[in-house]
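Enquirer:
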Amino acid sequence: MAEFTDKEMEIEIGQMLRIGVSLSALVVFAGGILYLRSATGAPDYAHFHATAEHLRTIAGVLHGVARFDAASMIQLGILLLIATPVVRVILCVVGFARQRDRLYVGVSALVLAILTYSLLAGAR
Amino acid sequence: MSASSFSALVFGTSVVAGILGALTGLGGGVVIVPVLALLFKVDIRYAIGASLVSVIATSSGAAAAYVREGLSNVRIGMFLEVATTLGALLGAYLTAKVSSHWIAIIFGVVLLYSAYSSYRQKGDHPTAAVPNALAEKLQLRGSYPTDAGETTYSAQHVPLGFGIMFGAGTLSGLLGIGSGAVKVLAMDQAMKLPFKVSTTTSNFMIGVTAAASAGIYLARGYVDPGLAMPVMLGVLGGSMIGSRILVKVKVATLKTVFVVVIVALGAEMIFNGMTGRI
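Same order as they appear, the protein sequences are chains A and B.
Counting in numbering that gives the first Met the number 0, the first sequence runs from 0 upward without gaps.
Counting in numbering that gives the first Met the number 0, the second sequence runs from 0 upward without gaps.
1. Look at residue 262 of chain B and residue 114 of chain B and say whether their C-beta atoms are less than 8 Å apart.
2. Give the list of continuous beta strand (DSSP E) stretches no shorter than 3 residues that lie fully inside the stretch 135-172 of chain B.
3. Please state whether DSSP places residue 56 of chain A in a helix, a strand or coil.
4. Leaving out the 5 sequence neighbours to the left and right, which residues in its chain are closer than 8 Å to residue 12 of chain A when beta-carbon positions are compared?
5. I'd like to know if residue 182 of chain B contacts chain A, where contact means its C-beta is closer than 8 Å to some C-beta of that chain.
6. Any C-beta of chain A sitting closer than 8 Å to the C-beta of residue 144 of chain B?
7. Taking the straight line between their C-alpha atoms, what separation do you get for residue 116 of chain B and residue 184 of chain B?
8. Are the Cβ atoms of residue 90 of chain B and residue 170 of chain B separated by less than 8 Å?
9. Pull up the distance between the alpha-carbon of residue 3 of chain A and that of residue 57 of chain A, whole angstroms please.
10. Say whether chain B places a C-beta atom closer than 8 Å to the C-beta of residue 22 of chain A.
11. By DSSP, does residue 14 of chain A sit in helix, in strand, or in coil?
12. Looking only at C-alpha atoms, which of B:15, B:50, B:2 sits nearest to residue 239 of chain B?
13. Do you know whose CA, among B:61, B:27, B:272, B:142, lies nearest residue 10 of chain B's CA?
14. Anything in the stretch 65-81 of chain A with a Cβ closer than 9 Å to a Cβ of chain B? List those residues in chain order, please.
15. Mind checking which residues open and close the alpha helix (DSSP H) that includes residue 271 of chain B?
16. Tell me whether the beta-carbon of residue 76 of chain A lies closer than 8 Å to the beta-carbon of residue 30 of chain A.
17. Quick one: residues in its chain with C-beta nearer than 7 Å to the C-beta of residue 85 of chain A, no 5 flanking neighbours on either side, listed in chain order?
18. Sort B:149, B:137, B:48 by Cα distance to residue 155 of chain B and report the nearest one.
19. Counting only beta-carbon atoms, is residue 0 of chain A nearer than 8 Å to chain B?
20. Output needed in chain order: residues of the stretch 82-99 of chain B with a Cβ under 8 Å from some Cβ in chain A.
21. How many angstroms separate the CA atom of residue 97 of chain B from the CA atom of residue 50 of chain A?
22. What are the uninterrupted segments assigned as alpha helix (DSSP H) that are 4 or more residues long and contained completely in the stretch 39-72 of chain B, given in chain order?
23. Does the CB of residue 27 of chain A have a neighbour CB from chain B at under 8 Å?
24. State yes or no: is the beta carbon of residue 55 of chain A nearer than 8 Å to at least one beta carbon in chain B?
25. Go through its chain and collect everything with a Cβ distance to residue 44 of chain B's Cβ below 6 Å, but skip five positions before and after it.
26. Closer than 8 Å, CB to CB, is residue 217 of chain B near chain A or not?
27. Express the C-alpha separation of residue 105 of chain A and residue 142 of chain B in angstroms, rounding to a whole number.
28. Suppose only complete runs of 4+ residues qualify. What are the alpha helix (DSSP H) ranges in the stretch 50-117 of chain A, listed by chain order?
29. I'd like the span of the alpha helix (DSSP H) that includes residue 10 of chain B, first residue to last.
30. Under 8 Å by Cβ, that's how I've got residue 214 of chain B and residue 117 of chain A pegged, so tell me the actual separation to the nearest angstrom.
31. Only counting the same chain, and skipping five residues up and downstream in sequence, which positions put a Cβ closer than 8 Å to that of residue 60 of chain A?
32. Determine the contact status of residue 41 of chain A and residue 2 of chain B, defining contact as a CB-CB distance below 8 Å.
33. Applying a beta-carbon distance threshold of less than 7 Å, which residues of chain A neighbour residue 80 of chain B?
34. Does the CB of residue 226 of chain B have a neighbour CB from chain A at under 8 Å?
So this is what it looks like as structure tokens:
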């Protein structure tokens with residue numbers, strides 16, 4: 000097999016990003032239509048009272064989506080969007096591994112480890 | 000105001016935020032936070048949650064074009080991301096220990112100074128002729144398309160750039176916003192990378208850094224769906240437009256836009272620090 004170049008790797012990553020972004024936009028858009036049809040007036044954002052409990056965890060959001068809750072659907076799209084940079088880093092680890100570039104497999108795996116740690120530490 | 004007209008207004012603002020965010024490599028938050036907080040009177044915590052969504056949307060929305068054109072550099076981005084994410088962890092740890100008002104004010108002054116020094120140097124700085132030994136070892140080099148054809152570049156002052164990136168990460172952990180400016184400045188001014196490579200690589204990095212803190216903000220209830228929906232859709236659209244403009248526009252024009260935006264960001268930081276918003 001010919002060498003897997005940086006350019007090919009970046010094009011693959013670019014395609015993945017386009018799919019991820021389109022999918023999340025589609026979910027947010029669908030949730031948005033549901034939300035605007037049921038909304039009566041613009042909510043009060045001047046005072047902070049934090050979002051509902053079920054919108055703050057992945058499990059809660061998925062439960063909400065099963066109930067066709069508009070806010071949960073938007074939140075699912077946002078979660079998909081948040082996942083795109085994470086998947087991008089994972090694809091870099093894989094891409095550098097295919098190039099047998101040990102240095103950059105290490106570098107991108109380290110970034111992935113820090114990223115996972117802060118995502119998990121934040122969710123707790 | 001009805002929910003539809005509120006969403007439409009926020010959507011319009013977000014399109015502009017996405018264009019500017021993709022052009023400058025700073026992400027949509029630069030526009031989103033002040034507009035939501037000052038014009039729409041949105042609480043700063045909701046504004047920061049929306050800003051986080053907008054930064055990831057800008058980063059992922061513009062990335063496809065930057066990758067295709069060969070502008071962003073994945074190795075340089077990934078290498079520097081180690082410093083930024085570690086810095087962000089330190090910043091999050093420090094939030095409880097230091098006064099963020101003063102940090103915001105100092106950061107604002109630094110931005111105004113950087114705007115001044117960027118402004119003095121009109122076009123791109125000359126590409127370094129001598130490859131830097133450390134940069135070669137770490138493969139922090141590449142080539143990108145210019146009017147004069149494919150041009151090669153190699154990073155300079157790698158340890159300094161890495162150090163500034165660590166600082167940028169700490170700032171983003173502490174303040175939640177604004178670290179994109181430091182990333183562009185570190186690559187452009189310290190590492191002497193071409194300006195378009197700096198902004199597009201920063202565009203890659205801000206998405207990863209923002210994703211790292213997304214868990215915290217989501218769990219604290221800062222990300223409100225009613226607000227995030229128009230912001231995300233608007234910024235995505237804007238960033239796709241912005242990325243197409245960046246590919247064609249002259250470096251001098253791009254730098255002018257960048258300087259104007261960081262002057263505004265610097266003033267915003269000083270204002271927020273003084274009024275105790277941050």
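Beta carbons: idealized from backbone N, C-alpha and C, even for Gly.
Expert: Short version:
1. In the second sequence, residue 262 of chain B corresponds to position 263, counting from 1. In the second sequence, residue 114 of chain B corresponds to position 115, counting from 1. Contact flag set, yes.
2. 140-145, 148-153
3. As a first step, residue 56 of chain A is located in the first sequence; it is residue number 57 there, counting from the start. Here residue 56 of chain A sits in coil by DSSP.
4. Position 13 of the first sequence, counted from the first residue, corresponds to residue 12 of chain A. Taken in chain order, the residues that qualify are 87, 90, 91, 94.
5. Residue numbering aside, residue 182 of chain B sits at position 183 when the second sequence is read from its first letter. No, residue 182 of chain B does not count as interfacial toward chain A.
6. Here residue 144 of chain B is taken as the residue at index 145 of the second sequence, counted from 1. No, no contact with chain A.
7. Numbered from 1 along the second sequence, position 117 holds the residue referred to as residue 116 of chain B. Numbered from 1 along the second sequence, position 185 holds the residue referred to as residue 184 of chain B. Each residue's alpha carbon lies about 10 Å from the other.
8. For the purposes of this step, residue 90 of chain B is identified with residue 91 of the second sequence, where counting begins at 1. For the purposes of this step, residue 170 of chain B is identified with residue 171 of the second sequence, where counting begins at 1. Yes, Cβ-Cβ distance for residue 90 of chain B and residue 170 of chain B is below 8 Å.
9. Along the first sequence, read from residue 1 onward, the residue named residue 3 of chain A stands at position 4. Along the first sequence, read from residue 1 onward, the residue named residue 57 of chain A stands at position 58. Looking at the two C-alpha atoms, the distance is approximately 36 Å.
10. As a working mapping, residue 22 of chain A is identified with position 23 in the first sequence. No - not a single Cβ of chain B is within 8 Å of the one on residue 22 of chain A.
11. Mapped onto the first sequence, residue 14 of chain A falls at position 15. Three-state result, residue 14 of chain A: helix.
12. Residue 239 of chain B sits at position 240 when you count from the first residue of the second sequence. Minimum Cα distance to residue 239 of chain B is reached at B:15.
13. For this step, residue 10 of chain B is matched to residue 11 along the second sequence. Here the closest residue by C-alpha is B:27.
14. 69, 70, 71, 72, 73, 74, 76, 77, 78, 80, 81
15. For this step, residue 271 of chain B is matched to residue 272 along the second sequence. First-last of the alpha helix (DSSP H) with residue 271 of chain B: 250-274.
16. Reading the first sequence from its first residue, position 77 is the one you call residue 76 of chain A. Reading the first sequence from its first residue, position 31 is the one you call residue 30 of chain A. Yes; because the gap between Cβ atoms is below 8 Å, this pair is in contact.
17. As a position in the first sequence, residue 85 of chain A is number 86, starting the count at 1. These residues qualify, in order along the chain: 114.
18. Residue numbering aside, residue 155 of chain B sits at position 156 when the second sequence is read from its first letter. Comparing C-alpha distances from residue 155 of chain B to each of B:149, B:137, B:48 shows the shortest one belongs to B:137.
19. What you label residue 0 of chain A is simply residue 1 of the first sequence in a count that begins at 1. Only weak support is given to the placement of residue 0 of chain A: the predicted model assigns it a pLDDT of 46, under 50, and the value that follows is read from those uncertain coordinates. Not one chain B Cβ lies under 8 Å of residue 0 of chain A.
20. 84, 85, 87, 88, 91
21. Here residue 97 of chain B refers to the residue found at position 98 of the second sequence. Here residue 50 of chain A refers to the residue found at position 51 of the first sequence. Whole-angstrom Cα-Cα distance: 27 Å.
22. 43-67
23. Within the first sequence, residue 27 of chain A is the residue found at index 28, counting from 1. Yes, its Cβ sits closer than 8 Å to a Cβ of chain B.
24. Here residue 55 of chain A is taken as the residue at index 56 of the first sequence, counted from 1. By this cut-off, residue 55 of chain A is an interface position.
25. Numbered from its first residue, the second sequence carries residue 44 of chain B at position 45. Setting aside the 5 residues that flank it on each side, residue 44 of chain B is surrounded in the same chain by 221, each with a C-beta closer than 6 Å to its C-beta; the list follows chain order.
26. Position 218 of the second sequence holds residue 217 of chain B. Chain A, which has a Cβ nearer than 8 Å to the Cβ of residue 217 of chain B, makes this yes.
27. One-based indexing of the second sequence puts residue 142 of chain B at position 143. One-based indexing of the first sequence puts residue 105 of chain A at position 106. For residue 142 of chain B and residue 105 of chain A, the distance between alpha carbons rounds to 23 Å.
28. 57-65, 69-97
29. Within the second sequence, numbered from 1, the residue matching residue 10 of chain B stands at position 11. Where residue 10 of chain B is concerned, the enclosing alpha helix (DSSP H) stretches over 2-23.
30. Taking the second sequence and counting its residues from 1, the one referred to as residue 214 of chain B is at position 215. Taking the first sequence and counting its residues from 1, the one referred to as residue 117 of chain A is at position 118. Rounded, the Cβ-Cβ distance is 7 Å, consistent with contact.
31. Looking up residue 60 of chain A in the first sequence gives position 61. Once the five neighbours on either side are set aside, the close Cβ partners of residue 60 of chain A are 53, 54, 71, 74, 75, 78.
32. On the first sequence, residue 41 of chain A is found 42 positions in, with the first residue counted as 1. On the second sequence, residue 2 of chain B is found 3 positions in, with the first residue counted as 1. Cβ distance < 8 Å, so residue 41 of chain A and residue 2 of chain B count as in contact.
33. The residue you call residue 80 of chain B lines up with position 81 of the second sequence. The contacting residues are 110.
34. Residue numbering aside, residue 226 of chain B sits at position 227 when the second sequence is read from its first letter. Cβ-Cβ to chain A under 8 Å: yes for residue 226 of chain B.
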